[in-house]
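Counting the sequence shown from 1 gives a position; my numbering is that position plus 41. Notes to accompany the following structure.
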Amino acid sequence: ILSIVGVVTAANHPGITASLSVDAIESAKNELFKHVLQGINSARIPKVPIPAGHLDQIQVQVNEDQNNVDFSVDANANTFGLSITDLKGFVHINDFLAHIGPLIPIKGHINIDMNGIDCHTT
């Protein structure tokens with residue numbers, strides 16, 4: 042229904058412009074970022090084959106304060122950007138298997154601690 046309304050409106054009133062409140066987008070950023078983190082933290086990562094082995098039962102956990110997420114708007118370029126500073130989290134791989142040569146298997150788990158990662162997008 043909204044698509045039809047949009048097509049009819051555009052056909053009858055060409056050149057319509059829309060504006061968004063930067064404050065509204067800024068407040069929505071916090072809620073959106075919370076859902077992005079929930080998606081990352083609940084993602085099921087499939088078994089990853091590596092040469093002569095595999096990585097399995099992979100869990101990613103990102104812990105982030107929404108205050109470290111900055112939202113910026115460039116009205117001249119008609120763009121917006123998100124910057125995340127000091128990202129923290131960990132990756133836990135519970136099932137690691139690799140072989141060194143034909144007779145030496147290496148099994149175990151891997152923990153990766155992430156600190157101080159910065160991400161920027163426009």
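Note that the Cβ used here is the ideal one computed from N, Cα and C, for glycine as well.
Check: Separation of N71 from D97, as counted between CA atoms; Outcome: 32 Å
Check: Contacting residues, own chain, Cβ-Cβ under 6 Å from N135 (five flanking each side not counted); Outcome: Q98, H150
Check: Stretch-stretch touch, CB-based, cutoff 8 Å, three pairs: the region 115-122 with the region 84-94; Outcome: no
Check: Candidates Q79, S83, F137, of which the one nearest I91 by Cα; Outcome: F137
Check: Inter-residue Cα distance where the pair is T162 and H133; Outcome: 26 Å
Check: Three-state secondary structure (DSSP) of A139; Outcome: strand
Check: Status (buried if at least 16 other CB within 10 Å, exposed otherwise) for I125; Outcome: buried
Check: First and last residue of the uninterrupted beta strand (DSSP E) at K88; Outcome: Run containing K88: none; DSSP gives neither H nor E here.
Check: Nonlocal neighbours in the same chain, by C-beta distance under 7 Å from P146, ignoring five residues either side; Outcome: L138, H140
Check: Rounded C-alpha distance that separates N156 from A65; Outcome: 30 Å
Check: Enclosing beta strand (DSSP E) for F156 [first to last residue]; Outcome: One detail in the question is off: residue 156 reads as Asn in this sequence, not Phe. Unbroken beta strand (DSSP E) run through N156: 145-162.
Check: Whether V103 touches L78 by CB criterion (8 Å); Outcome: yes
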